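A.B. asks:
Residue numbers (my numbering), protein chains in the order written: chain A, 3 to 296; chain B, 3 to 296; chain C, 3 to 296; chain D, 3 to 296.
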C-alpha cells in the first residue's frame, strides 16, 4: 500500500469550501494520507486553496465521480456523449487544479440504476470517450481509473473481467481499473480471484463493507482480499469508503440507496477503519511470509 | 424443510399459459415440489387449469410480487395506497384461485430503486394496508409473507430487524417474513444471526447466490445459512431463485438489474440447485448431530 | 469479556521466579489484566511474592496444567488415579496461595498423545476424581475449568459435547468448561455452534490461532467465534495463547509439537493479540447491535 | 482432476486379502477410479491377484505409508536409516508388483507424535534416503510423493514450504508433494496459498475434513481449496480420506488419534464424498469461468 485514504463523505456532504477544508484536516487528524473528493466544480470551490491546504497537511487528493444522465458517455445519443466528454475534460482539469493526479469512479456511464440493457454502441461510445479523455488526462498529469460497480449503480461494467475488456477497447494503456470490495461482493464469483485476474491493471482500491457501514459489520472476507492484493504486488493507494445518511450528500445517498444510518459518529468510524486496514494488511503480510518460510 | 421449490423464472418469462404449464412440468421433472409464480392476472391466465395441472403433478404453488409504483402502499398519497390495497386483494384472490396458500415478495412497497427516503407516514400506510390484506387473506386461506430485500429494490424493509418491527405495526399475527440469501448478503451484518433473530417469524426462504446465478458462483456462506435454519427449527419451504437474461421477464430483468447472463441452459442449473441444497442441508443436519454427540 | 489474559509462555519458559515476575510485568505493560501460569510447584517458587507482585500490578492469575502420565486420573490403575488426585489437591492449594481463583487445562487426563483408546472405567475414575477435587476447590475459593483439547493432546475430552457429558458425571455443579479455538478447529463440526451448545457451562476461553502462532496467521474464523461468545452472553475471561520454540518450556514444546518458531519476538506478538481481540470483540458487539436495530 | 480415489480404510482394516479385494469392488461400486492402500507386505498378500482384480475393475492403486520408528530415515542412527531405506525399497517393489505407480505418505520420517525436535542431520539423512529411493523408484515406474502432515504425526515436514525445501535437498526432480486438507488446516497460514505455492510440485491430493469424518462436518474451506487446485492447473488424482474406529486398522487409529467414530456406515460416506467432490469441483470450474467472462 502506498497511501491509506478516506472518502470525504465520511466527513462532509461536500457542499462548502469550509466543509472540504475541515475534511482535509480531519483526514490528517485520523492519520490518513489521502482524501477522496467527489467532482469539484471549479465555479463553486477555490481549488487552489484546497490544493495548498492539502499540501500543507501532506494529504493527497483523488477525485471520483459518476456521470449524470445528461452527460452519459455510454448513451447512443451523440449529443449526450459529447456532453459527457466535455464534463470529463472539465473534471480532469479540476483534478489537476486541485493538485490531484487521479480521476476515478463511474467515468464510463451514468451513476444510476439503469432501466435498459447496455448496448454495443453505448459501450463503443463510452470506450472511445474514455480513450479520448485519457489522452488529455496524460498531458494534465492525471490518470483515469474506472470503478467496477454493482448492477444497481451502472449497467456497463459490473465485473473485473468486463472492466479488462473495456480497457482494451479504449485503446489506451493509461487507463486502469478501480476495484471496490462492496461492489465485488455483489458481482464477482470470487472477489479475490477477480483481484488476481486484474493484476497490474488495478491501480486504485476501495475498502468498503457489504452494508457500506463499519468494517466488520458485514460479510466481506477481507483476509482473502488483502492476500490477493499482496499476490498481485499491489503497491498503490487504498481508500476506505462508508456512507451514512448522517453526513452524506443527498444525491449520492439516493443514488446509493442509503436509507439507514449504520453510524452517526464519523471519528470513531474513521479511526476504526484505519486500525482495521493496517492490522489486516499486517496480518496478510505475515501470513504470506509464514506460508513461504521453510 | 417442507418442500423444495424453484422460481418459475428459471423456466419461463411467464407470458403465456403454455409457458406456465411447461414450467410446472419442468419443475416436477427436475424433482421440485413447489413452484413460485409471479402475480398471475386472472384476466390473462386460466388459473383453474394451472391449479389442476399443479395438483396432478403434486407441485404446490406460491405467488410472489412487488407492487408497481402506481399501487405502492407505502406511498403518502391515499389514492395510490388504495390502489395498492385493491391490487393486493386481487392478488390474494388469484393465489386462492390457482390453488396456492402463500403470497410473498415486496407486498409492502413498490419493487424499484427508490429515489427518495422512506417516510414514517409511508411506513404506517403500508403496515395498515398489509394488516388489512392479512384479514382478507386469512379468509381465503392464504398467508402473507413479506420479503426483506436489498436497498436497491425497496427503501422500506431492507433488514430482518426492520421486517420484525414492521410485522408488529401491521397488528396481525398472521403475517410473517420471507428471507432471501441474495438480499441478506448485501444488508445484514451477519446473515445467519439475522435468521436466528427472525426465528419463528420466518416462514418462507429463498436460496439465491450473490450474483443471482448458479449456487456456488458467489460468496454466500450457505453452510452457516443452513446451520441457522436448523437452529430455528425451520420447517417450511425453501425455494431456489436465479435470474438470467436468457429467460427472465424483461420487466423483472430491469427491476433486478440482470444485465449479464450467468447461465443460459436452465435444466442443469435447476438440477444442480436441487442437488446442492439437498447435499448442504444433509451436511448441516449431520454437522448439528456431530456437534451434539458426546 | 471480564479480563483479557495472556499465557505466560508468551513471555517465559517459567523456570525461574524472576522469569515469572518479569512475565507479570510484561503482561501489565502490554495492557493485559490476567496471566495464565502453568502449575507452580510451591517448593520451587515463592507463591506469596508472586501473589503480591500480581496484586500490585492488578494482574489476576489463572493456573492451568495437564496431568503427567504417572498421575493420570483417567487411568484404570487406582494408584495412578490416587497420585492424580493428590496432584490436583496440591495444584488447587497452589492456585489459592498465588492468589488465583481458577485452575484449568487438562485436569482430567494426562497431557499427551495417548496410544490407547479411552475406557469407560478411566472416564469414571476421572469424573470421580474431578468431582472430589471440586469439593476441595470450592473451599479454597478456586474453580475448576476443564479444557476441551484435540485428539493428539488427550483421548478423553475432545469435543464440547463430550465435555458437557463429563461435567454431568462429575456430580458437581461447580466444574465448567474451558474452550480453546485451536482445539475446536480440529475437533468441532462447527466451533461457533459448540460455543452456543456449551452456553453457561463455559467459563474460560482461549484464543489461539490454528498454527498456534500470530492471530491471523491461520484459518480460524474469529468473527463467528466472537459472535457466538456474545450469543451466549459470555462475560468471563479470555486469554491469548501462542507458543514458539523461541520461548516456551521444552516439555510443553514437545507435548504440543512446537517444532517451528512462528515468531521470536514476543512484545509485538502480545500487542497485536490485544489489539486484535479488542478490535474483533468491538466489531462483534457492533455487528450484533446492527443486526438487531430496526 | 485425473481420477477420484478413496482410501481403503474407508472399507477395510486391510488385514486380509479378501478385505482388500472387497475394498476394490466397493470403490468401483461407489464410482471411484482409484484406491489408496497402506503398504502391502508381499509376504502377507497376493499382490498379483490384487493387481489383476484392480485392472479388471479399472481401479488404479496408490500405496501410502508412514515409516515405523525402527526404520525412520530421519534418524541420526545410520542403522535405523539403513533399515528405512530397505523398507522403502521393498515398498517400491510392492507398489510395482501390485500394479501401482505411486508411493506416498510419510516416507521421510516415522509416522508418530515425536518427542524430540527434528535435527539437521536427521533432515539430511532423510533427504538422502528419499533421493536414493527415487532413483530406484524411477526404474520401477513408481513415483514418490511426500505427504506434508501436521505436527502431531511427524516433526519433519509440516508445511508446504518445508516440503518444497526438502524436495530440493533430495537432489531428485522426480519426487513431488502430496498435500492433504486435514493437515493443512492445522499447519498452513493460508491453505489455498500453500497450494499455489506448491504449484507443479504437488502431484497427489487428499481431501479430508478437519475432524477426519464426513466432508462438511468441519471447518475446511473446500471452495477455496478447489479454486486453488484450478489456479495451479492441477490435473492429477484426488483421494478422499476419512477414518472411523468402526473400520480402521488399530495401529493407524492410535497413530492418528481416532478415539471417536464420526461415522459407522461407509457406503453413504463414500457416496456423499464422491458427490461432494464432484459438485464442488464443478462449481470451482464454473466460478473460474464466470470470473473470467467479460
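Positions of the beta carbon are idealized from the N, C-alpha and C atoms, including for glycine. Because the structure is a prediction, the values reported are computed rather than measured.
Excluding the 5 residues preceding and the 5 following residue 290 of chain D in the sequence, name in chain order all residues of the same chain whose CB lies nearer than 6 Å to its CB.
C.D. replies: 232
A.B. asks: Note down, in chain order, all residues in the segment 272 to 284 of chain B with a beta-carbon under 9 Å from any beta-carbon belonging to chain D.
C.D. replies: 274, 277, 278, 281, 282, 284
A.B. asks: Starting from residue 135 of chain C, trace the beta strand (DSSP E) both ways and give me its first and last residue.
C.D. replies: Residue 135 of chain C -> not in any beta strand (DSSP E); alpha helix (DSSP H) instead, spanning 122 to 142.
A.B. asks: Opposite residue 47 of chain A in the DSSP bridges: which residues?
C.D. replies: Note: residue 47 of chain A sits in no beta bridge, so no partner.
A.B. asks: At a CB-CB cut-off below 8 Å, which residues of chain D make contact with residue 171 of chain C?
C.D. replies: Residues of chain D with a Cβ closer than 8 Å to the Cβ of residue 171 of chain C do not exist, since the nearest Cβ in that chain sits about 17 Å away.
A.B. asks: Please name the residue, chosen from A/89, A/21, A/142, A/206, that lies closest to residue 36 of chain A on a Cα-to-Cα basis.
C.D. replies: A/206
A.B. asks: Helix, strand or coil: which one does DSSP assign to residue 278 of chain A?
C.D. replies: The answer is helix: DSSP assigns residue 278 of chain A an H, G or I state.
A.B. asks: Using a Cβ-Cβ cutoff of less than 6 Å, which residues in the same chain neighbour residue 61 of chain D once the five nearest sequence positions on both sides are dropped?
C.D. replies: 26, 29, 30, 37
A.B. asks: So, at 6 Å on beta carbons, what are the nonlocal neighbours of residue 112 of chain A in its own chain, with the 5 sequence-adjacent residues on each side left out?
C.D. replies: The beta carbon of residue 112 of chain A is closer than 6 Å to those of 69, 71, 74 in its chain, skipping five residues each way along the sequence.
A.B. asks: Between the alpha carbons of residue 46 of chain A and residue 277 of chain C, how many angstroms are there, rounded?
C.D. replies: Cα to Cα, the separation comes out at about 43 Å.
A.B. asks: Using a Cβ-Cβ distance cut-off of 8 Å, determine whether residue 125 of chain D contacts chain C.
C.D. replies: no
A.B. asks: Compile a chain-ordered list of the residues in the segment 191 to 205 of chain A whose CB is closer than 7 Å to at least one CB of chain D.
C.D. replies: Within the segment 191 to 205 of chain A, 191, 192, 195, 196, 199 place their CB atoms closer than 7 Å to a CB of chain D, listed in sequence order.
A.B. asks: Only counting runs of 4 or more residues, tell me where the alpha helix (DSSP H) segments fall wholly within the segment 37 to 96 of chain D, in order along the chain.
C.D. replies: 49 to 59
A.B. asks: With DSSP run on the structure shown, which of helix, strand or coil describes residue 269 of chain C?
C.D. replies: helix
A.B. asks: With a CB to CB cut of under 6 Å and the five nearest residues on each side skipped, what residues in its chain are close to residue 224 of chain D?
C.D. replies: Around residue 224 of chain D: 282.
A.B. asks: For residue 97 of chain C, count neighbouring C-beta atoms within 10 Å of its own C-beta (all shown protein chains included) and say buried if the count is 16 or more, exposed if not.
C.D. replies: buried
A.B. asks: Kindly indicate if chain B contains any beta-carbon less than 8 Å away from that of residue 229 of chain C.
C.D. replies: Chain B contact via Cβ: present.
A.B. asks: Contact criterion: CB-CB distance below 8 Å. Does residue 214 of chain B meet it with respect to chain D?
C.D. replies: no
A.B. asks: Any Cβ of chain B within less than 8 Å of the Cβ of residue 129 of chain C?
C.D. replies: no
A.B. asks: Please work out which residues of its chain come closer than 7 Å, Cβ to Cβ, to residue 280 of chain D, disregarding the five sequence neighbours upstream and downstream, and give them in chain order.
C.D. replies: If you ignore the 5 residues before and after residue 280 of chain D, its C-beta comes within less than 7 Å of no other C-beta in its own chain.
A.B. asks: Hey, does residue 261 of chain D have any beta-carbon neighbour from chain C nearer than 8 Å?
C.D. replies: yes
A.B. asks: If we define contact as Cβ-Cβ less than 8 Å, is residue 179 of chain C a contact residue for chain B?
C.D. replies: no
A.B. asks: For residue 288 of chain C, which residues in chain A fall below 8 Å Cβ to Cβ?
C.D. replies: In chain order: 216, 218, 219.
A.B. asks: I need the straight-line Cα distance from residue 147 of chain A to residue 238 of chain A, nearest angstrom please.
C.D. replies: 12 Å
A.B. asks: How would you write the range of the beta strand (DSSP E) that residue 241 of chain A sits in, first residue to last?
C.D. replies: Per DSSP, residue 241 of chain A belongs to the beta strand (DSSP E) from 239 to 242.
A.B. asks: If you count every other CB in all the chains shown that lies within 10 Å of the CB of residue 200 of chain A, and 16 or more means buried, which is it?
C.D. replies: buried
A.B. asks: Identify every residue that forms a DSSP beta bridge with residue 146 of chain B.
C.D. replies: Under DSSP, the beta-bridge partners assigned to residue 146 of chain B are B/105.
A.B. asks: Since residue 166 of chain A meets chain D, which of its residues come closer than 8 Å, beta carbon to beta carbon?
C.D. replies: 296
A.B. asks: DSSP state of residue 292 of chain A, grouped into three classes?
C.D. replies: helix
A.B. asks: Mind checking whether residue 242 of chain D and residue 275 of chain D have CB atoms under 8 Å apart?
C.D. replies: yes
A.B. asks: Can you pull the chain A neighbours of residue 135 of chain D, defined as C-beta to C-beta under 7 Å?
C.D. replies: Near residue 135 of chain D there are no residues of chain A at all, since even the closest Cβ is about 21 Å away, more than 7 Å.
A.B. asks: Does DSSP classify residue 169 of chain B as helix, strand or coil?
C.D. replies: helix
A.B. asks: Report buried or exposed for residue 1 of chain A, applying the criterion of at least 16 other Cβ atoms within 10 angstroms of its Cβ.
C.D. replies: With chain A represented from 3 up to 296, any question about residue 1 of chain A goes unanswered, as that position is not in the structure.
A.B. asks: How far does the alpha helix (DSSP H) with residue 228 of chain B in it reach, from first residue to last?
C.D. replies: 224 to 233
A.B. asks: Which value, in whole angstroms, describes the spacing of the CA atoms of residue 119 of chain C and residue 202 of chain A?
C.D. replies: 55 Å
A.B. asks: Tell me, to the nearest whole angstrom, how far the beta carbon of residue 212 of chain A is from that of residue 187 of chain A; I am working on the premise that it is less than 8 Å.
C.D. replies: 5 Å
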